[in-house]
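Residue numbers (mature numbering (1 follows the signal peptide of the UniProt record, and there is no 0)): -19 to -1, 1 to 121.
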């Protein structure tokens, strides 16, 4: 009987030790308070990150100066167009988006020529299933 319990404990410990743990990350855009301000290379910022399904992005900025647009596709993003946008935020000073869907995401601010002046970035959202299949071993 004791051997049976010991086997169960060893099996459980082995499963836990080999599991891939996934934890959603909250990305602060620009890596600082009020980081969504137009004074950064946001594409370089995005290129330095890994975005997984269910991660969030926090956009914080001075009230009324900027907003957040999730463009429908690359063409709209390249044109800084809000036509058919998946989401356009009010310029309220803080917005948070969740990476619900795997694939490309195109983000910009449509206020005051922000996008035309480079306040935009794109990235790929990695599917949670890809993470679970071992393509990414540890996420923090």
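For glycine and all other residues, C-beta sits at the position ideal for the given N, C-alpha and C.
Assigned secondary structure, residue i (DSSP; H/G/I helix, E/B strand, else coil)
| i | result |
| --- | --- |
| residue 26 | helix |
| residue 86 | strand |
| residue 111 | helix |
| residue 12 | coil |
| residue 101 | strand |
| residue 106 | strand |
| residue 7 | strand |
Pick from the options that is closest to residue i, judged by C-alpha positions
| i | options | result |
| --- | --- | --- |
| residue 87 | 73, 50 and 74 | 50 |
| residue 56 | 89, 18, 19 and 20 | 89 |
| residue 52 | 103, 19 and 92 | 103 |
| residue 73 | 85, 93, 48 and 97 | 48 |
| residue 70 | 85, 84 and 39 | 39 |
| residue 7 | 66, 24 and 76 | 76 |
Rounded straight-line distance, which links the Cα of residue j to that of residue i
| i | j | result |
| --- | --- | --- |
| residue 10 | residue 16 | 6 angstroms |
| residue 99 | residue 26 | 13 angstroms |
| residue 22 | residue 42 | 16 angstroms |
| residue 45 | residue 109 | 35 angstroms |
| residue 4 | residue 95 | 32 angstroms |
| residue 97 | residue 58 | 10 angstroms |
| residue 84 | residue 68 | 16 angstroms |
| residue 91 | residue 111 | 33 angstroms |
| residue 37 | residue 18 | 18 angstroms |
Neighbour-count burial assignment, residue i, 16 or more Cβ in a 10 Å radius
| i | result |
| --- | --- |
| residue 78 | buried |
| residue 101 | buried |
| residue 82 | exposed |
| residue 54 | exposed |
| residue 80 | buried |
| residue 105 | exposed |
| residue 20 | exposed |
| residue 12 | exposed |
Min CB distance residue i to chain D below 8 angstroms
| i | result |
| --- | --- |
| residue 101 | Among the protein chains of the structure shown there is no chain D, as only one such chain exists. |
Would you call the stretch 26 to 42 and the stretch 54 to 64 in contact, with 3 or more CB pairs under 8 angstroms?
-> No: the two stretches stay apart, fewer than three of their Cβ pairs being nearer than 8 angstroms.
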